[in-house]
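Notes for the one structure printed next.
In full-length UniProt numbering, the protein residues as written are 1 to 146.
This is how it looks when you write it as structure tokens:
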């Protein structure tokens, strides 16, 4: 038994429209939207009365997906107040390879993102930065310089 591929990463958000618009601005494509509810999803999640809306986003070449999930019932729960720092246990970031880190970071900021530090070159191999997007999601951007 081995893993075949990574199908998608799922992120729970409060404002599905804002998150969808943000990731669309970065170049992801909306693959589809759907309401999800029923006993099957309750059983998978171990929660009763689940009612969510999802937006499935995919990278332009189709090799990666990001599922954005808005919980209507039961209400989503948070881990304290404010965005978590970079060294918080759990999901750290979602990294996207882009053709121009500077332009993509500028687009992210124009759509409500915040550059977390600086844009830097790593050994003339990669140009990198971190942007905090909607809901505090950390998006890492990587540009191959080779």
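For each residue, glycine too, the CB sits at the ideal point set by N, CA and C.
Going by C-alpha positions, residue 77 is about 13 Å away from residue 135.
Residue 32 sits in a strand when the DSSP states are folded into three classes. In summary, residue 130 is buried, with 16 or more beta-carbon neighbours lying within 10 Å of its beta-carbon over all protein chains present.
Residue burial is scored here from C-beta neighbours: residue 117 has fewer than 16 other C-beta atoms within 10 angstroms and is therefore classed as exposed. In the structure shown, the three-state DSSP call for residue 92 is coil. Inter-residue distance for residue 112 and residue 23 is about 11 Å (C-alpha atoms, whole angstroms). Taking all protein chains shown into account, residue 108 has 16 or more neighbouring C-beta atoms within 10 Å of its C-beta and is therefore buried.
In the three-state reduction of the DSSP assignment, residue 144 falls in the strand class. Cβ contact annotation for residue 144 (same chain, cutoff 8 Å, sequence separation greater than five): 97, 125 and 126, in chain order. Beta-bridge analysis with DSSP links residue 115 to 131.
The alpha-carbon of residue 132 is positioned some 23 Å away from that of residue 75. For residue 106, the three-state secondary structure derived from DSSP is helix.
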